[in-house]
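Taking it in order: structure first as structure tokens, then the write-up.
2 protein chains.
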Amino acid sequence: MKDSDESAGTAARSKRADARRNKETLLEAAASVFVTSGVEAPVRDIAAKAGVGTGTIYRHFPTRADLIVAVYRHQVEACAEAGPALLASSETPHAALGRWIDLFVDFLVTKHGLAAVLQSDNAGFDTLHTYFIDRLVPVCAQLLEAAADAGEIRSDMEALVLMRGVGNLCIGADSDPRYDARRLVELLITGLRLPQ
Amino acid sequence: MKDSDESAGTAARSKRADARRNKETLLEAAASVFVTSGVEAPVRDIAAKAGVGTGTIYRHFPTRADLIVAVYRHQVEACAEAGPALLASSETPHAALGRWIDLFVDFLVTKHGLAAVLQSDNAGFDTLHTYFIDRLVPVCAQLLEAAADAGEIRSDMEALVLMRGVGNLCIGADSDPRYDARRLVELLITGLRLPQ
DNA sequence: GACGATACGGAACCGTGTTCCGTTTAGCAA
DNA sequence: TTGCTAAACGGAACACGGTTCCGTATCGTC
Chain G
1 MKDSDESAGT AARSKRADAR RNKETLLEAA ASVFVTSGVE APVRDIAAKA GVGTGTIYRH
61 FPTRADLIVA VYRHQVEACA EAGPALLASS ETPHAALGRW IDLFVDFLVT KHGLAAVLQS
121 DNAGFDTLHT YFIDRLVPVC AQLLEAAADA GEIRSDMEAL VLMRGVGNLC IGADSDPRYD
181 ARRLVELLIT GLRLPQ
Chain Z
1001 MKDSDESAGT AARSKRADAR RNKETLLEAA ASVFVTSGVE APVRDIAAKA GVGTGTIYRH
1061 FPTRADLIVA VYRHQVEACA EAGPALLASS ETPHAALGRW IDLFVDFLVT KHGLAAVLQS
1121 DNAGFDTLHT YFIDRLVPVC AQLLEAAADA GEIRSDMEAL VLMRGVGNLC IGADSDPRYD
1181 ARRLVELLIT GLRLPQ
């Protein structure tokens, strides 16, 4: 809640009304297009759906990645906030970790193509990388540390590596029904366990 | 060894000498460019390096993916053939599986960007998918079955899924030194183990 | 109602893979 | 050796993607 949330803010005087309206329209159009055509949908398609020119998109979102971030921000936040909650409510830290990773996988798998775009080293998606990493890695780290402290898992796995691994496993999970990302992730988490 | 291997063949009469020479030049140029710029290097770069026009590339290799397949065919073949060999020479099937996966990871990780391109659902890379899947999945399946029969691992993991998982884990392994694909793959294989 | 700042639209640009076609050349025959 | 033709070549042109630019339209204020 740092910007673009005008509903309760006292500031936000500078933007023109039509601009704010357009931004909202764009977010809805993008969300809708992402559902049907995947995250890799052409910018022009989104502009068309929203009934605006491409230039308008770029004024509101400097790059495609910013648009993606904006569309999914809420869900990423929810995922991030679920971490501590699960830790508090689960029997063991390892169970919390498992459930949290499950949430993360849910998120990635349901957004057609998001996982693939998340790892693309295509410069220009830096915003996307940075946002996901900055927001989620600390949460994952907390869960990992708790589980390690409880002696449930090995302590030499960095959150960043695990997150990227899970993210990678989710690539292509939608486009091929034979591929079972969730099971592989499960295996990965199992492999993390210390032979008690 | 079905075509393009003229050295010992009695056939191969139809192609003009310069064409054969160019194909060879192209393969070398592509291999060289792939090493320095990655598998995603522009076709034009490869053409330039080889000193030919882009049209020439497309006459020899109908699509970029065909060129990639041609460049790496030898190594994929070697990997495929290593499967049965490892199974015969290792103490246990699970050890053979581990070593074979290691070979596969070696291959993917050292080819800058190959893993990423391998999974891209970008139609047009079908050739690449098909070749890898057709050639390597049966080998992996054989290793998995042997290990399952020996009671070392769970028997409900399909080779295709495992291979794609391992492939996915290798994505981006080169571009970020903090990411440790090999360790994640190890974890995955560990997770496969039956609690003895 | 007028006017200046703000926002808009979409043509234009750049970098991809791929196709197309006029030009060149290898290889054979006379 | 010379001439001919099918094969191969080169690279301009096309399609398609993200992004930029700028003339035009609109908002909001005076």
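Heads up: the protein sequence lines correspond to chains G and Z, in order.
If you read the first sequence in the numbering used here, its first letter stands for residue 1, the second for the next number, and so on.
If you read the second sequence in the numbering used here, its first letter stands for residue 1001, the second for the next number, and so on.
Every residue, glycine too, gets a C-beta built ideally from N, C-alpha and C.
Among the residues of chain Z, none has a CB under 8 angstroms from the CB of G151 of chain G; the nearest is roughly 17 angstroms distant. Less than 9 angstroms separates the beta-carbon of F1132 of chain Z from that of V1076 of chain Z. Residues of chain Z with a Cβ closer than 7 angstroms to the Cβ of S175 of chain G are, in chain order, D1121.
Around Y179 of chain G, the beta-carbon contacts reaching into chain Z at under 7 angstroms are V1161 and R1164.
Flagged as an interface residue toward chain Z: L184 of chain G, by a C-beta distance shorter than 9 angstroms. Here S1155 of chain Z is not near A1146 of chain Z, since their CB atoms are 9 angstroms or more apart. For the pair of segments examined, the region 12-32 of chain G was found not to touch the region 77-94 of chain G: the number of CB pairs separated by less than 8 angstroms stays below three. Per DSSP, the continuous alpha helix (DSSP H) segment holding R44 of chain G begins and ends at V43 to A50.
Sixteen is the threshold: when 16 or more other Cβ atoms of the shown chains lie within 10 Å of the Cβ of A116 of chain G, as they do, the residue is buried. For D121 of chain G, no alpha helix (DSSP H) encloses it, and the DSSP letter there is neither H nor E. Cβ atoms of T190 of chain G and G1191 of chain Z come within 8 angstroms of each other, at about 4 angstroms.
The shortest C-alpha to C-alpha distance from I1171 of chain Z to any of Z:P1062, Z:L1162, Z:Q1119 and Z:L1188 is the one to Z:Q1119. Around the CB of G1053 of chain Z, fewer than 16 other CB atoms lie within 10 Å, so the residue is classed as exposed.
Within 8 angstroms of the CB of L1188 of chain Z, the CB atoms of chain G belong to L184, L187, L188 and G191, in sequence order along the chain. When secondary structure is reduced to three states using DSSP, R21 of chain G falls in the helix class.
Closer than 9 angstroms to the CB of I46 of chain G there is not a single CB belonging to chain Z. Inclusion of L1108 of chain Z and V1166 of chain Z in the CB contact set at 9 angstroms is warranted, their separation being smaller than that value.
Listed along chain G, no residue sits closer than 8 angstroms to L1194 of chain Z by beta-carbon distance, the nearest being about 11 angstroms off. In this structure, the straight-line span from the alpha carbon of V1137 of chain Z to that of D126 of chain G is close to 34 angstroms.
R193 of chain G sits in a strand when the DSSP states are folded into three classes. Burial of L114 of chain G is indicated by the presence of at least 16 other C-beta atoms within 10 angstroms of its C-beta. It is roughly 14 angstroms from the alpha-carbon of S1014 of chain Z to the alpha-carbon of H1060 of chain Z. Spatial neighbours of I101 of chain G in its own chain (CB-CB distance under 7 angstroms, excluding positions within 5 residues in sequence) are listed in chain order as V166, V185 and I189. By the rule that beta-carbons nearer than 9 angstroms mark a contact, I1171 of chain Z touches chain G.
Ranked by Cα distance from A1123 of chain Z, the options Z:R1064, Z:A1050 and Z:D1180 are led by Z:R1064. Out of Z:P1062, Z:T1025, Z:D1121 and Z:E1040, the CA that lies nearest to the CA of A1050 of chain Z is found in Z:T1025. Sequence-ordered contacts of the region 1014-1027 of chain Z with chain G are nonexistent [C-beta pairs closer than 7 angstroms].
Counting along the chain, the unbroken alpha helix (DSSP H) around F132 of chain G starts and ends at D126 to D149. About 7 angstroms separates the beta carbons of L162 of chain G and L144 of chain G, which is inside the 8 angstroms limit, making them a contact pair.
With respect to the C-alpha of A1159 of chain Z, the residue from G:A173, G:Y179 and G:R20 having the closest C-alpha is G:Y179.
Residues V33 of the same chain have their beta carbon placed closer than 6 angstroms to that of D45 of chain G, with the five preceding and five following residues left out of the count. Residue environment analysis places A1078 of chain Z among the exposed positions, since fewer than 16 neighbouring C-beta atoms fall within 10 angstroms of its C-beta.
Counting the other Cβ atoms within 10 Å of the Cβ of A47 of chain G gives 16 or more, which makes it buried. For I1171 of chain Z, the three-state secondary structure derived from DSSP is coil.
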